[in-house]
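Contents: one structure, followed by commentary.
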Amino acid sequence: MPVVVVESPAKAKTIEKYLGGDYRVLASFGHVRDLPPKDGSVDPDHEFDMKWEVAADSKKHLKAIRDALKDDQTLILATDPDREGEAISWHLLEALAPALKKGSDVSRVTFNAITKAAVTEAMGKPRQIDQPLVDAYLARRALDYLVGFNLSPVLWRKLPGAKSAGRVQSVCLRLIVDREMEIEAFKAREYWSVHARLATPSGAEYDAQLVQLAGAKLDRFDLATAEQAAMAVSAVSSRALTVTGVTAKPASRNPWPPFMTSTLQQEASRKMGMGAKACMSAAQRLYEAGLITYMRTDGIDMAPEAVMAARDAIKAKFGEKYLPKSPRMYKNKAKNAQEAHECIRPTDMMLSPDQLKVSADDQRKLYDLIWKRTIASQMEAARMERTTVEIASPDNQVGLRATGQVMLFDGFLRVYDQGRDDDEGEDSARLPAITEGEAAKLVGHAFDGEFTKAGDRTVPLPRAPNGQRAAPGLLMNDQGQVAARQHFTQPPPRYTEATLVKRMEELGIGRPSTYASIVTTIQDRDYVRKDKNRLIPEDKGRLVTIFLLKYFPRYVSYDFTADLENELDEISAGDRLWREVLGRFWKDFSKALEGTSDLRITEVLDAIDDALAPHLYPPRADGGDPRVCPLCGQGRLNLKTARSGGAFIGCTNYPECRYTRPLSAPDGEAPVGDRVLGEDAGDPISLKTGRFGPYVQRGEATEETPKPPRASIPKGWDAGSLDLEKAVQLLSLPRPIGPHPEDGVLIEAGIGRFGPYVKHGSKYANIADVDEVFTIGMNRAVEVLASKQTRGRGAAAAPLREMGEHPDGGPIQVMNGRYGPYVKWGKVNATLPRDATPEDLTVEQALELIAAKSAKSPKKAAKKPAAKTAAKKPAAKKPAAKKAAPQKAAPKADD
Numbered sequence: 000m001p002v003v004v005v006e007s008p009a010k011a012k013t014i015e016k017y018l019g020g021d022y023r024v025l026a027s028f029g030h031v032r033d034l035p036p037k038d039g040s041v042d043p044d045h046e047f048d049m050k051w052e053v054a055a056d057s058k059k060h061l062k063a064i065r066d067a068l069k070d071d072q073t074l075i076l077a078t079d080p081d082r083e084g085e086a087i088s089w090h091l092l093e094a095l096a097p098a099l100k101k102g103s104d105v106s107r108v109t110f111n112a113i114t115k116a117a118v119t120e121a122m123g124k125p126r127q128i129d130q131p132l133v134d135a136y137l138a139r140r141a142l143d144y145l146v147g148f149n150l151s152p153v154l155w156r157k158l159p160g161a162k163s164a165g166r167v168q169s170v171c172l173r174l175i176v177d178r179e180m181e182i183e184a185f186k187a188r189e190y191w192s193v194h195a196r197l198a199t200p201s202g203a204e205y206d207a208q209l210v211q212l213a214g215a216k217l218d219r220f221d222l223a224t225a226e227q228a229a230m231a232v233s234a235v236s237s238r239a240l241t242v243t244g245v246t247a248k249p250a251s252r253n254p255w256p257p258f259m260t261s262t263l264q265q266e267a268s269r270k271m272g273m274g275a276k277a278c279m280s281a282a283q284r285l286y287e288a289g290l291i292t293y294m295r296t297d298g299i300d301m302a303p304e305a306v307m308a309a310r311d312a313i314k315a316k317f318g319e320k321y322l323p324k325s326p327r328m329y330k331n332k333a334k335n336a337q338e339a340h341e342c343i344r345p346t347d348m349m350l351s352p353d354q355l356k357v358s359a360d361d362q363r364k365l366y367d368l369i370w371k372r373t374i375a376s377q378m379e380a381a382r383m384e385r386t387t388v389e390i391a392s393p394d395n396q397v398g399l400r401a402t403g404q405v406m407l408f409d410g411f412l413r414v415y416d417q418g419r420d421d422d423e424g425e426d427s428a429r430l431p432a433i434t435e436g437e438a439a440k441l442v443g444h445a446f447d448g449e450f451t452k453a454g455d456r457t458v459p460l461p462r463a464p465n466g467q468r469a470a471p472g473l474l475m476n477d478q479g480q481v482a483a484r485q486h487f488t489q490p491p492p493r494y495t496e497a498t499l500v501k502r503m504e505e506l507g508i509g510r511p512s513t514y515a516s517i518v519t520t521i522q523d524r525d526y527v528r529k530d531k532n533r534l535i536p537e538d539k540g541r542l543v544t545i546f547l548l549k550y551f552p553r554y555v556s557y558d559f560t561a562d563l564e565n566e567l568d569e570i571s572a573g574d575r576l577w578r579e580v581l582g583r584f585w586k587d588f589s590k591a592l593e594g595t596s597d598l599r600i601t602e603v604l605d606a607i608d609d610a611l612a613p614h615l616y617p618p619r620a621d622g623g624d625p626r627v628c629p630l631c632g633q634g635r636l637n638l639k640t641a642r643s644g645g646a647f648i649g650c651t652n653y654p655e656c657r658y659t660r661p662l663s664a665p666d667g668e669a670p671v672g673d674r675v676l677g678e679d680a681g682d683p684i685s686l687k688t689g690r691f692g693p694y695v696q697r698g699e700a701t702e703e704t705p706k707p708p709r710a711s712i713p714k715g716w717d718a719g720s721l722d723l724e725k726a727v728q729l730l731s732l733p734r735p736i737g738p739h740p741e742d743g744v745l746i747e748a749g750i751g752r753f754g755p756y757v758k759h760g761s762k763y764a765n766i767a768d769v770d771e772v773f774t775i776g777m778n779r780a781v782e783v784l785a786s787k788q789t790r791g792r793g794a795a796a797a798p799l800r801e802m803g804e805h806p807d808g809g810p811i812q813v814m815n816g817r818y819g820p821y822v823k824w825g826k827v828n829a830t831l832p833r834d835a836t837p838e839d840l841t842v843e844q845a846l847e848l849i850a851a852k853s854a855k856s857p858k859k860a861a862k863k864p865a866a867k868t869a870a871k872k873p874a875a876k877k878p879a880a881k882k883a884a885p886q887k888a889a890p891k892a893d894d
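Residue numbers are given in my numbering: position 889 of the sequence shown equals residue 888, and the series is strictly consecutive.
Here you go:
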């Protein structure tokens, strides 16, 4: 029977169900070949010849496909419908070529959704492998290899502690670092707004904002001080006001287009806090289950039959009034929507989220998002009425404006509204009935806490003139009728994964299949950390970015990277030759590499030190020179590197002065300088800052005591507010609690490498709270130790979850291990991926993990006899081994 090859077992299972017993469907488990991580895998001197290597894990899968082809030489490659999927099919064909006889029938099929109709239709339209798409993949893979493999060693040698540099990842990192520098350089600007509480003759109240003062239009920064705001409040409260105009205008809002990859990742981040990697993982599962169309796409158009199905669903679920007279058509804005032409949508529009049968919560939520966005994209517009009321004094010295909005018909908003990256929402207040020419009477109102939007900040104010009372960030007249609110301009916000993907898309950096991996890689390398969903550059990320901007500016340029992405798109369209694109790139890039060969580390550090000076040496509160050493007062602070890698700030007066501190303190903390906290038992107790953070020390280093007693500041403690008492407590650890009631062996409490603990002889047990180290008593310590013993070797761990029976027999369980949860089946233990949770794991995912782990086990076992045999033989090869040059660990190329 014909052999169909797809990427994953889950996809293979779904497709085999649709094709029936006439086909054999096997999984390749992703790419089967890649460039070996060693020098020479891409050879620029021989037209960028590439040496491919079959992955060890893939040999078993290739053998299974070869064995299947012995019975039938019909091979159908059905990998994903994008550049990466085309590349996998090409690799499979190249690797299987020796097993294919002359005249074998090899074809390629693609489908945008894994449904019976789509798969059946695709099988009837076979084609050959799209070589331009493969060429675009080859160019991208060679580029990433050449940049990663050649630039990373330069970083290692010239910037100790740096890991590696990827082609697009470095540009993405630059975006985050540039934004952080914008935030640090930002100077807040004060301004005020004035608001009044008014009433109609019938007594209905509404709010209005001052828009005209002294007969002139009031701009944002015209009221720059509390004094000016107080005068404006007085001007409004001392005048009679009349309604001079009422304007009501109809307005409408059209729905958003269906999702493509970037907008799905953005919305999943906004509404569910889901990272790009987790979003694509959940989408992959939905696609493989046949629930949504392919999830890597930069297209927003929808197949005609899908549009009609969406309209049928709208009519059935919401009624005729929510259905536009004609279908909505969305035009794709991408220059080259080649990755997959249709939007991300449900395969069955009638399958609403409440009918979905999936166990994973993230998949359920993501399907809900996709279904609602797709249905809403074909619904009627929302209709509103927006009203503007103008109010003025008889002398036209003061003018106010009130705005309101009324929803006349909710339209698509009944189903879905897109989230926002900022904090500002639309004004949806409903105004009372107001007539032109009527009086607008000032009425008393407690304004405290109102008018608070992004940019407000509460500060204490001096007592204002004219009898107005002071309040935090607020000025009011005595009757509380008019209020002025203080605001400050805000720096640009840090990127979230959603806004970063959006910015990359705007700049033309990356493509649908690469967004998630780019954002994930810079976090995995510790160049960026995520805090409260915001991306913050680590110090090493800043160092790498400044180094690349200084010595490789072209290759972290936004325009250059975007142009190169466009050239790759042109290759995929057949408009460019991939070797020519690589040739032009390598000619300039190799020259830039040569230009760094003579650089000294001190020269690099000085250049980075100058570039990062505003960040490394922030202004001092006393106005002094921030680069003067706070310990000795003579040396100057500058950037240094440690023997173990990494960088820190140190004094130029070393070794006489040993002051050091990290590059930066945590958010909101000023760098901690060395200082003496006091004396204890005749010894000075000092707070110092070392390469690994702040610590306390008893006494000073002498010839007799070169390393005096020290203790690191525990995580969660504020070093800036540390006092003598706490410092002495830290230095006195471990703290004796007393002899154990059963054996008399001393029990101690302390803080170690893995956090706070209690110790009984050689047995340790962790405790949760650092502060408990100083208060824990005997009863609690014995309880903690006993609890640890119960959980130890003597008791078998209870499964976190029972998954059911394996098809080959035996239970599948999810266990909690030392390094996290894992799937257990017999002797096979498969660790869960980082983005998976035991609660959401499906049986299909568990089987896939077991299959992948099982594929590795025979190879490990097979090596053991060979190792034993080798041990019995005389060491005949030792002289030859001595002659060979020592091999260095090959650097790993960046993807």
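Even for Gly, the Cβ is constructed at its ideal location relative to N, Cα and C.
Practice problem: Go ahead and label Ile600 buried or exposed: buried means 16 or more other beta carbons lie within 10 angstroms of its beta carbon, across all protein chains shown. | Solution: exposed
With the cut-off set at 8 angstroms, would you say Arg107 and Arg126 are in Cβ contact? yes
ask   = Are there three or more Cβ pairs, one per stretch, closer than 8 angstroms when the region 109 to 129 is compared with the region 281 to 297?
value = yes
Subject >> Touching by the beta-carbon criterion (3+ pairs, under 8 angstroms), the region 255 to 269 and the region 367 to 378 >> reply: Short answer: they touch.
- Task: Decide if the region 572 to 585 is in contact with the region 179 to 186; the criterion is three or more beta carbon pairs, one per stretch, under 8 angstroms apart.
- Result: Here the region 572 to 585 does not lie against the region 179 to 186, with fewer than 3 beta-carbon pairs under 8 angstroms apart.
Problem - Proximity of Asn652 and Gly634 at Cβ, strictly below 8 angstroms - result: yes
Whole-angstrom distance between Leu142 and His45, CA atom to CA atom: 15 angstroms
**Report entry** Whole runs of the beta strand (DSSP E) within the region 193 to 217, excluding any shorter than 3 residues
**Finding:** 204 to 212
Open item on the list: Whether or not the region 609 to 617 and the region 551 to 571 are in contact is what I'm after, with contact meaning three or more pairs of Cβ atoms, one per stretch, closer than 8 angstroms; do they touch?
Closed with: no
Within 10 Å of its beta-carbon, does Gln907 have 16 or more other beta-carbons around it, so buried, or fewer, so exposed?
Residue 907 falls outside the range modelled here, since the chain spans only 0 to 894, and no answer is possible.
* Do Pro326 and Val306 have their C-beta atoms within less than 8 angstroms of each other? -> yes
Discussion item. For Thr13 and Arg310, I'd like the C-alpha separation in whole angstroms.
Written reply: 28 angstroms
> How long is the line joining the alpha carbons of Ala63 and Lys162, rounded to whole angstroms?
Replying inline: 38 angstroms
For this session: Find out if the Cβ-Cβ distance for the pair Thr241, Gly436 is shorter than 8 angstroms.
Result: yes
Can we say the region 22 to 42 touches the region 80 to 94, given the rule of at least three CB pairs closer than 8 angstroms? yes
Quiz item: Gln208 and Val232: beta carbons closer than 8 angstroms?
Solution: No.
Review point. Can you give the beta carbon distance from Arg757 to Ile766, rounded, assuming they're within the 8 angstroms contact cut?
Key: The amino acid occupying residue 757 in the given sequence is Val; Arg does not appear at that position. Yes, they are in contact, since the Cβ atoms of Val757 and Ile766 sit about 6 angstroms apart, within 8 angstroms.
Subject >> Contact check, Met294 vs Ala515, beta carbons under 8 angstroms >> reply: no
With a CB to CB cut of under 7 angstroms and the five nearest residues on each side skipped, what residues in its chain are close to Leu91? Val4, Ser27, Val31, Leu76
Of the listed residues Ala234, Asp722, Thr701, Gly681, nearest to Tyr694 (C-alpha basis)
Distances from the CA of Tyr694 to each of Ala234, Asp722, Thr701, Gly681 were compared; the closest alpha carbon is that of Asp722.
Report buried or exposed for Lys10, applying the criterion of at least 16 other Cβ atoms within 10 angstroms of its Cβ.
Classification for Lys10: buried.
One question on the structure: do Met383 and Val405 come within less than 8 angstroms of each other, judged by their Cβ atoms? yes
Practice prompt. With distances taken Cα to Cα, identify the nearest neighbour of Gln485 among Ala135, Leu222, Arg166.
Written response: Leu222
Chain-order list of residues whose beta-carbon lies under 6 angstroms from that of Glu496 (same chain, five-residue window excluded) = Ser268, Gly274, Ala275, Val518
*May I ask you to list the residues that DSSP assigns as paired with Asp353?*
When beta bridges are read from the DSSP output, Asp353 appears opposite no residue.
Where the alpha helix (DSSP H) containing Glu379 begins and where it ends: Neither: Glu379 is in no alpha helix (DSSP H) and is coded neither H nor E.
Item to complete: Would you mind stating whether Thr373 and Pro511 have Cβ atoms separated by less than 8 angstroms?
Response: no
Own chain residues within Cβ distance below 6 angstroms of Lys608, not counting five before or after
With the sequence shown as reference, residue 608 is identified as Asp, and Lys is not the correct amino acid for it. Closer than 6 angstroms at the Cβ level, and outside the excluded window around Asp608, lie Asn637, Leu638.
*Which runs of the beta strand (DSSP E) spanning at least 3 residues fall entirely within the region 232 to 274, listed in chain order?*
241 to 252
For Arg619, three-class secondary structure by DSSP
coil
Which listed residue (Glu319, Glu341, Gln283, Asp839) has its alpha carbon closest to that of Asp300: Glu341
Can you tell me which of Ser7, Phe47, Leu74, Val176 puts its alpha carbon nearest to the alpha carbon of Arg23? For Arg23, the closest C-alpha among the options Ser7, Phe47, Leu74, Val176 is that of Leu74.
ask   = Who are the Cβ neighbours of Val153 in its own chain at under 7 angstroms, not counting the five residues just before and after it?
value = Leu592, Thr595
If Tyr554 and Leu547 are in contact, beta carbons under 8 angstroms, what's the gap, nearest whole angstrom? 7 angstroms
**Request:** Verify the CB distance criterion: does Ala850 have a CB-CB separation below 8 angstroms to chain B?
**Result:** Chain labels in this structure do not include chain B; a single protein chain is all it has.
Between Leu285 and the rest of its own chain, which residues show a CB-CB distance below 7 angstroms, the 5 nearest in sequence each way excluded? Ile291, Gln362, Leu365, Tyr366
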